[in-house]
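Engineer: Submitted below is the structure of interest, expressed as structure tokens.
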């Protein structure tokens with residue numbers, strides 16, 4: 047019985063950790079760029095292109111966490127879903143995978159815009 051309880055607890059904690067950057071469908075704020083429901087700016091990465099494939103993995107994804115899809119959420123319109131290497135489902139806008147930036151201290155920040163000439167706020 048304790049093994050079952052421990053396994054269940056581990057599974058629940060793993061699911062919570064995996065959803066740390068999960069979210070509902072992105073939205074456009076009053077300034078015209080995409081944000082998550084908490085008001086955090088969403089970014090695209092030029093090397094990803096528009097084929098819905100993320101090229102930001104490992105250390106890149108630690109700084110630029112992928113904006114993953116909440117379970118049960120369905121895309122609509124210009125939004126889609128890309129499957130990441132680890133199996134997570136990432137939001138895509140017009141073929142471009144979406145990311146948050148760890149350097150944004152609070153909702154509304156957009157300090158990642160223009161980083162390395164390859165990261166951009168999504169308009």
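In the working numbering, the protein residues as written are 47 to 169. All C-beta atoms, glycine included, are put in the ideal place defined by N, C-alpha and C.
(1) For the region 118 to 136 against the region 147 to 164, do three or more pairs of beta-carbon atoms, one drawn from each stretch, fall closer than 8 Å, so that the two count as touching?
(2) Taking the alpha helix (DSSP H) that residue 138 belongs to, which residues open and close that run?
(3) Can you tell me the Cα-Cα spacing of residue 116 and residue 83, whole angstroms?
(4) Give the secondary structure of residue 172 by DSSP, where H, G and I count as helix, E and B as strand, and everything else as coil.
(5) Leaving out five residues on either side along the sequence, give the residues of the same chain with a beta carbon under 8 Å from the beta carbon of residue 159.
Structural biologist: Here's the rundown:
(1) no
(2) Unbroken run through residue 138 is the beta strand (DSSP E), 135 to 139; no alpha helix (DSSP H).
(3) 12 Å
(4) The question about residue 172 has no answer here: the residues shown for the chain are numbered 47 through 169.
(5) 87, 89, 165, 166, 167
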